[in-house]
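What follows is a set of notes on a single structure, which appears directly below.
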Amino acid sequence: MAAIKEILTQYLPDIEQTIQDALTDTPPFIRGVIEYHFGWVDQNFEPIASEKGKALRPTVCLLVFEALTGQHRDALPVAACLEMIHNFTLLH
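Plus 85 on top of the position in the sequence shown (first one is 1) and you've got the working numbering.
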């Protein structure tokens, strides 16, 4: 089981950074709401350390891309989009 958890979490920092980079030009209040939904900040928009989601969809995307090409970085924008779309569907 530990190996599976490692596989599922190995890309999380890259996925989260790609999402945060995509939010750079987002107005602060809107960005705060998005960061709250992702569990990165509390209700006062203060950073928190919390249990992260699995990010299964973007992880599978990156695993497949890496299996085909030998690297995952070029697929990070697509993987981040998958995670944002998934989170959007949870809100609606």
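All residues carry an ideal CB built from backbone N, CA and C; glycine is no exception.
Please read all numbers here as calculations on a predicted model, not as lab measurements.
The beta carbons of residue 167 and residue 142 sit closer together than 7 Å.
For residue 101, the enclosing alpha helix (DSSP H) begins and ends at 97-107. Boundaries of the alpha helix (DSSP H) around residue 143: 141-154.
Spanning the alpha carbons of residue 151 and residue 131 requires a straight line of approximately 35 Å.
Short of 8 Å from the beta carbon of residue 169, and not among the five residues preceding or following it, lie these beta carbons of its own chain, in chain order: 104 and 107. If you draw a straight line from the Cα of residue 165 to the Cα of residue 87, it comes to about 24 Å.
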